[in-house]
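Quick notes on the structure that follows.
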Amino acid sequence: LSKCDLVTSLVGEFPELQGITGKYLAQNDKEDQDICLAIEEHYQPRFAGDQLPESEIGQIVALADKLDTLAGIFGIGQQPGGAKDPFALRRAALGVVRILVEKKIPLSISELVEAAYSVQPENIEKTQTDLINFILERAKGYFVDHGHTITAIDSVLQPAGADTTLYTLPD
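Per my numbering, the sequence shown starts with residue 14, numbered consecutively.
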């Protein structure tokens with residue numbers, strides 16, 4: 014349901030209306046308003062500095078969608094390299110980081126990645142550690158951008174396999 018608008022010619026012509034169109038389609042079908050809002054919000058953040066999903070359902074669906082994309086693309090060996098990121102995986106990973114940190118959601122990156130891989134096809138390459146480290150690198154950049162030192166960041170960000178719950182660093 015969250016992706017029903019992708020097959021419309023409106024979203025095909027105006028991709029920036031993803032989610033917005035879906036919300037109105039769901040409202041037209043008399044879906045619960047919480048579901049309609051989550052359909053709109055789950056694409057957030059769309060770009061650096063964009064607003065985050067406000068509703069809990071929107072946050073959950075946004076996390077699930079971004080993590081599913083990351084696990085699927087990493088699983089087929091299409092990790093971004095250098096300046097190339099054709100699937101916007103850096104943006105998806107930063108979206109995961111921002112939602113977890115700014116919405117104060119105490120979930121472990123490792124556990125989220127494990128859950129994302131658990132619903133991938135059986136033959137998908139297992140690159141969970143690479144994906145965890147990729148997300149943690151985005152977290153490091155996020156905290157640097159928010160004025161924290163590398164020493165402070167490294168002291169709280171654990172290597173893959175350890176507790177990878179993200180918390181806000183004190184100012």
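Ideal Cβ placement from N, Cα and C applies to all residues, glycine included.
Nearest to residue i (by Cα), restricted to the options the options
i: H159; options: C49, D78, K97, G62; result: G62
i: Y56; options: Y155, E44, P28; result: P28
i: P119; options: I73, E150, T82, I89; result: I73
i: K85; options: V20, T140, A96, G25; result: Sequence inspection shows Gly at residue 85; the Lys mentioned does not correspond to that position. Taking only the C-alpha atoms, the option nearest G85 is T140.
i: E67; options: T82, I48, L80; result: I48
i: L80; options: D18, C17, F100; result: F100
Own chain, CB closer than 7 Å to residue i, minus 5 neighbours either side, in chain order
i: I190; result: This structure cannot speak to residue 190, because the chain is shown only from 14 to 184.
i: R151; result: R103, A106, L107, V110
Own chain, CB closer than 6 Å to residue i, minus 5 neighbours either side, in chain order
i: S168; result: none
i: A173; result: In this prediction, A173 scores a pLDDT of 49, lower than 50, which makes its location untrustworthy; no coordinate-derived value is stated.
i: V9; result: Not covered by the structure: residue 9. The range shown for the chain is 14 to 184.
Residue i - partner residues in DSSP beta bridges
i: K97; result: G94
i: T178; result: S121
Neighbourhood of residue i by C-beta, 8 Å cutoff - its chain only, sequence neighbours within 5 removed
i: G186; result: The displayed coordinates of the chain run from 14 to 184. Any statement about residue 186 would go beyond what the structure contains.
i: V157; result: I163, I166
Quick one: any contact between the stretch 64-81 and the stretch 40-56, if contact means 3 or more CB pairs under 8 Å?
-> Touching, per the Cβ criterion.
Give, in chain order, every unbroken run of the beta strand (DSSP E) that is at least 3 residues long and sits entirely within the stretch 36-72.
-> none
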